[in-house]
Each structure stands twice: as structure tokens, then as C-alpha cells.
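Report on the following structure.
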Amino acid sequence: MFSKGNIVTYVIAFLFILALNFFLPRMMPGDPLMAIYGDEALIAMTPELKAELVERFALDQPLWQQLGAYFGALFQGELGHSYYYNAPVLPVILGRLPWTLLLVGSSLVLSTVLGITLGIESGWRRGSKTDRSMLAGLMGLNGFPDFFLGMLLLIAFGVTWGIFPLAGALTPYSGLSGLALLLDILRHLFLPVAALTLAHLAGGYLLTRNTMITVLKEPYMLTAKAKGLSQRVLKYRHAGRNSMLPVVTQTGIWMGRVVTGALFVELVFAYPGVGYLTYEALLARDYPIIQGVFLMVAVSVLVINFLIDLSYPKLDPRVSYAY
Amino acid sequence: MHIDLKKEIKESGPGKIGIIILLLMIAVALLAPVLARYDPYQQSTASLLSPSWNHWLGTNHVGQDVWSRLVFGARTSLLVGFGVGILSTLLGTIFGVSAALVGGLYEKVVMRIVDAFIVIPMVIIVILISAYIRPSILTLILLLSLLSWQGGARIMRAQALSLKERGHVAAARSFGAHHFYIAWRHIVPDLGPILLVDFIYSVRRAVFMEAGLAFLGITDPTVVSWGMMMRDALSFSYLNVWQWWLVPTGVALSLTIIGLTFVGHAAEPVIEPRLRGAEVA
Chain A
1 MFSKGNIVTY VIAFLFILAL NFFLPRMMPG DPLMAIYGDE ALIAMTPELK
51 AELVERFALD QPLWQQLGAY FGALFQGELG HSYYYNAPVL PVILGRLPWT
101 LLLVGSSLVL STVLGITLGI ESGWRRGSKT DRSMLAGLMG LNGFPDFFLG
151 MLLLIAFGVT WGIFPLAGAL TPYSGLSGLA LLLDILRHLF LPVAALTLAH
201 LAGGYLLTRN TMITVLKEPY MLTAKAKGLS QRVLKYRHAG RNSMLPVVTQ
251 TGIWMGRVVT GALFVELVFA YPGVGYLTYE ALLARDYPII QGVFLMVAVS
301 VLVINFLIDL SYPKLDPRVS YAY
Chain B
324 MHIDLKKEIK ESGPGKIGII ILLLMIAVAL LAPVLARYDP YQQSTASLLS
374 PSWNHWLGTN HVGQDVWSRL VFGARTSLLV GFGVGILSTL LGTIFGVSAA
424 LVGGLYEKVV MRIVDAFIVI PMVIIVILIS AYIRPSILTL ILLLSLLSWQ
474 GGARIMRAQA LSLKERGHVA AARSFGAHHF YIAWRHIVPD LGPILLVDFI
524 YSVRRAVFME AGLAFLGITD PTVVSWGMMM RDALSFSYLN VWQWWLVPTG
574 VALSLTIIGL TFVGHAAEPV IEPRLRGAEV A
């Protein structure tokens, strides 16, 4: 499956992302300084600062020189300067990143494991009452936008019953440490993770169930049954493992969805990750941050897709014969 | 491709439920001016009222009637959904079918672009662009369509490639039929069911996206939208107004998406016939 052609695909995708990042603010009507540096920069603007800003991205030069300045800055790891936080963009984003990784990571693991398991069970019993109610239930759940699920959980467990905290990732000024701190983090993490996991459970489930149904019709399943293998071995080792393959190919696209899903869920729970940072930046029109987050998320998803493409023939050798 | 799509959907329980939900939502959107009891934009001093005979779902923080806004919100959701559905299915068909028929360098270039767009996370691009342009409904439809036709084009091309080899298409070609004629007379009619599945999933994605963007506050603030209503309601979640303000809105949005999912899933054996029998067996 992997070929030179695939690299070209990723190069095109990468160039498109960079082009969008470069041209979009520069094509906006009005002052490009405002579109590149955000509202806050204009408020703080002095003639000296203005001259410096114009110079940094070569804004008084022709477009191709601006492009050169843009790439020069980018390859030095310079994502711009946020005038809202009065700090370079990269450290601001990196400071929020651990919370998002924690949230996205736990939800991704939970929803994958649960989704695949439910998919195997449901596909194995295809057509039965259990299968049909599971299918309808999960497809219904799939219809709930993640932010709505989040709000329902927040109102039920946070506002009404007061079991879980309403917002944030830590109790502020609690001075907790050690185990107490860990428990505090987990307590704050629970509802956002639950919302994100429930909202993205159906993807893996539907895919595994569909493959399971096709796999069960394969001749090797009949052979395995004829050998007298136990139900459990048939279900998990023979059918289940082979049904997981398409889930792997989808992980990249899926991860993109969970990351953007985290953006909405973080907003609901005021969870201080990259998503909430983006939301604050949208409110303040802090364009450097928005651009920085866009670049980081888009490029990470690309890289992960690329790695999955690379590893897929190793997981399923059939694909290298097919091409 | 002689699969009866109507039969496929009718034979599936969720498929029927999905159709009923969708028809209901379309009816609400069409009859919005009749169903609404107030102008959805009319502000008043009577803010955050509880449900009463005058205001079935109470009023919001600026005194607008929630029920009227809910009903008119259906219009925004469905307009964006169906607009994107039609446009992106159209684009997908044009590029998918033409790539299959013309072949050569053209096919390579088109499919390369399609593949590149499939690996880019679309939501984040839409958020970035919307952050700058705050799209109106029309711009939003164009934007989402331009970013979402690629998946459909891929399926359409695969199908057109196999249809192209059929006897009747070869016969038409031997009579000197033009690409466009072949596409219109022989390929597109046989794509029918696949077009519908692609259409339904595009609509679903667009409804989702519109609500999400409005929830983030980066769509046109002067147009009533379910996402925006939920965003407003969230800031009052400590009051009990969520019961009639937030929940009905979220349920309306979720029901619309569930209806589309059910219909789409019921029609899916059209693309993957091996799945047939999974529902009823």
C-alpha cells in the first residue's frame, strides 16, 4: 500500500496547510497587521512596534519575500507572538498541551477498547436482539454532538448532584500533593473523558461490527470451527483480531475527530487544554494562537496518518500483494 | 447496480424511524412561521421566563421566545445540511465520474488532490477559516462543500470505473458517444443509490459542523441556530432554565443527526452488499 505516491499525497496536504496559514491572513481586507497579530496587538501598537512587526514578516515587501520570511520563521520553530498573552505562541500552546493529551489520550484508549469489544460481541451475535439493540443504541449515541453530551453530564453530575467538579482541571489553591493531587486530577478529568468517550464510541464499534460480519463468512472461520476450537478462541483470536484491522486504518482520521471533539468538550468544562485556549483565542481574536494551534493540530494528524500508512502493510501483509 | 434502495430502507427498522424523524424535522422547518408564536429575533424585557401558555419553552436571557427560536433554528440546520449535501454530492460526482472516464494525467491529479484532502482534518480548517471570515449561511455552505466532496468522489470513481467496462457503455462508446453523454446517460443513472448515501452523510456532517461552529461563536451571529442557542444556554447552566432552553435544543439537534444516521446506515448495503442480512438475518 505504501509507495512514492503516498508521500506525494502527504506533501500536497502539508503544502495546502502551510498555504492556508500564509495566505488567509494576508488576503483579508483591511490591515494585514491586525489579521496576522490579532486585536490585542493593535491596542498596544506604537510606531516602533509597528515598524518591528512589519519588518518581522517583511510585510512591506513583495509577496514572495513575505513567503520567504514566513518559512524562515517557521523553520526556526517560531510560530509567532501572541499579544494577548504577551508571549511567544509556542510556549503558550505547549503549556496547555499536557491537559489535552491527558484528555484525548484517555478517551482515545477507552473508546477504542470499548468500541472494538462491543463491535466484536455485537457482530458475533449479528441479527440477534442484543445486536440490534446495541446497534440502535450506539447509533443513537453517535447522533449526540460531544458538546451536548458534555453539557448533559455537567448538569446531571456537576450541577444537580454535585458529585463531580464543574470546571477546570485542578482545584485552585488547594495545595494538594501526591495521591490527593492525583485523585483531584482524576475527579476533574472524569466527566470530560466520559463525554468524549461516549461521543466517539460508535465509530470503532460500527467499523468492527461491519468487518466482523464479513470476516465470519470467511472460509477460514469454517475451518477453525471444524477443528473444534472453543467459542472464545473463534470469537476473539480468529474473527476479532482480523476485524480490528480497518479500525487501525481509521485511527488517524478518528484521532483528528477526537482532537477537535476535545476542543468542544474542553469548552463545556472550561478544561484548560489546547481546545479551551483556542476558544479564548477565538473570543479575543488572538490570531497568532489560532494559527499556531491550527498548524500544530493539522501537522500532527498528518504525521500520525503517515505513520499508520507506513505500518499498515506490516499488520496486514495482504495489502502489499494487492498493489 | 440493481438494488432497490427504497426496499433496503423500508426493511430496516431504524431506517423507517430515521425517515419519520427527518420528515418531521423538514415539516417543522417548512412550517416554522406557522408554528412559531413570536418573532424569533424579537427581544423583550421578559427574560429568563419559565414555560407558560404564552411562552411554551420560556424565554432566553434577552427575552426572546425559545420555542420560536427552536423552530426557526431547524431552518438554519436543514438549509446548511441540504445545501452542502447537494453541492458536495454534485462536486463528488463531477470529479469522481470524470476522473474515471477521462483517465490519464487528469485522473492522477484529481485523485491525488482527493487523497490529500482526506488526510487533512477538516474541522480544524473550517474553524480557522471561519475565525477570519465569520461566514454567512451561503458562505458556510460553499466552504463546507468545497472541503467535503472528496470522500464521495473516491467512491463514485470506483463505481464508475466498474460501470465503464459494462457492455452497454462499451456499445455506446463504439457508436462514438462523447464522455459527457456516456456519463449522463449511462453512468450517473446507475450511481443513484450511492449518490443518495453520499448525500445523506454529507448532510449529516454539515448539520454537525454548523452547530459546532455556531457553538464556538464563529458563524453569523444574526442568524438563529441551534448551536448558538446551546452556547447561550450553557452560560446559564447554574439556573434551572436548562430544562426548557438547553435540553430541547440539544435533543432537536441530536434527533436530526440520529435520523440521518439511521437512514444512512440502512442504505449502506448499497455500497457494501456483503453487509446485507446483518439487520434481519
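Here the protein sequences come in this chain order: A and B. Heads up, the first sequence is in this note's numbering, so the first residue is 1 and it goes up one at a time. Heads up, the second sequence is in this note's numbering, so the first residue is 324 and it goes up one at a time. Don't be surprised by glycine CBs; every beta carbon is placed ideally from N, CA and C.
Of the other Cβ atoms in all chains shown, fewer than 16 fall within 10 Å of the Cβ of residue 502/B; this residue is therefore exposed. With respect to the 8 Å criterion, residue 525/B and residue 143/A are not classified as neighbours on the basis of their beta carbons. Residues of chain A whose Cβ lies closer than 9 Å to the Cβ of residue 534/B are, in chain order, 145, 147, 148. Taking 8 Å as the threshold, the shortest C-beta distance from residue 481/B to chain A does not fall below it. Under the three-state reduction of DSSP, residue 368/B is assigned to coil, being neither helix nor strand. Annotation for residue 214/A: the continuous alpha helix (DSSP H) segment containing it runs 178 to 216. Sequence-distant partners of residue 527/B (beyond 5 residues in either direction) whose C-beta falls short of 8 Å from its own C-beta, in its chain, are 404, 580, 583, 584, 587.
For residue 64/A, the uninterrupted alpha helix (DSSP H) run begins and ends at 63 to 75, by DSSP.
Buried is the label assigned to residue 589/B, since at least 16 other Cβ atoms lie within 10 Å of its Cβ. By the CB criterion at 8 Å, residue 468/B and residue 393/B fall outside the cutoff.
At least one beta carbon of chain B lies nearer than 8 Å to the beta carbon of residue 25/A.
DSSP lists no beta-bridge partner residue for residue 481/B.
At least one beta carbon of chain B lies nearer than 8 Å to the beta carbon of residue 264/A. Pairing residue 302/A with residue 442/B gives a Cβ-Cβ distance under 8 Å. One Cα belongs to residue 424/B, the other to residue 432/B, and the distance between them is close to 14 Å. Beyond the five residues adjoining it in sequence on each side, residue 523/B comes within less than 8 Å, by CB distance, of 408, 583, 586, 587, 590 in the same chain, given in chain order. Around the beta carbon of residue 195/A, 16 or more other beta carbons sit within 10 angstroms, so the residue counts as buried. Scanning the segment 260 to 296 of chain A from its first residue to its last, no whole beta strand (DSSP E) run of 3-plus residues comes out.
Annotation: residue 175/A to residue 183/A spans about 13 Å, alpha carbon to alpha carbon.
Think of a sphere of 9 Å around the beta carbon of residue 451/B: the chain A residues whose beta carbon falls inside it are 20, 21, 24, 290, 291, 293, 294, 298, in chain order.
Non-local beta-carbon contacts of residue 275/A in its own chain, meaning distances under 6 Å to residues more than five positions away in sequence, involve 262, 263, 266 in chain order. Nearest to residue 541/B by C-alpha distance, out of 455/B, 516/B, 574/B, is 455/B.
The C-beta of residue 589/B comes no closer than 8 Å to any C-beta of chain A. With 16 or more other CB atoms across the displayed protein chains lying within 10 angstroms of its CB, residue 70/A is buried. Under the DSSP assignment, residue 221/A falls in the alpha helix (DSSP H) whose first and last residues are 219 to 226. Under the three-state reduction of DSSP, residue 249/A is assigned to helix.
Residues of chain B whose Cβ lies closer than 9 Å to the Cβ of residue 118/A do not exist; the shortest such Cβ separation is about 15 Å. Exclusion of the five residues before and after residue 480/B leaves 419, 422, 423 as the residues of its chain whose Cβ lies within less than 6 Å of its Cβ. With contacts defined as CB atoms closer than 8 Å, residue 308/A and residue 89/A fail to qualify as a contacting pair. At a beta-carbon threshold of 9 Å, none of the residues of chain A lie near residue 592/B; the nearest stands roughly 10 Å away. Our two residues, residue 368/B and residue 149/A, have alpha carbons roughly 31 Å apart in a direct line.
Under the Cβ criterion of 8 Å, residue 376/B is not counted among the residues facing chain A. Sequence-ordered contacts of the segment 270 to 289 of chain A with chain B read 278, 279, 281, 282, 283, 285, 287 [C-beta pairs closer than 9 Å]. Listed in chain order, the non-local C-beta contacts of residue 547/B below 8 Å within the same chain comprise 363, 364, 392, 395, 396, 399, local neighbours out to five positions each way being set aside. One finds nothing in chain B with a Cβ atom closer than 7 Å to the Cβ of residue 134/A; even the nearest lies about 12 Å away. The alpha-carbon of residue 387/B is positioned some 7 Å away from that of residue 370/B.
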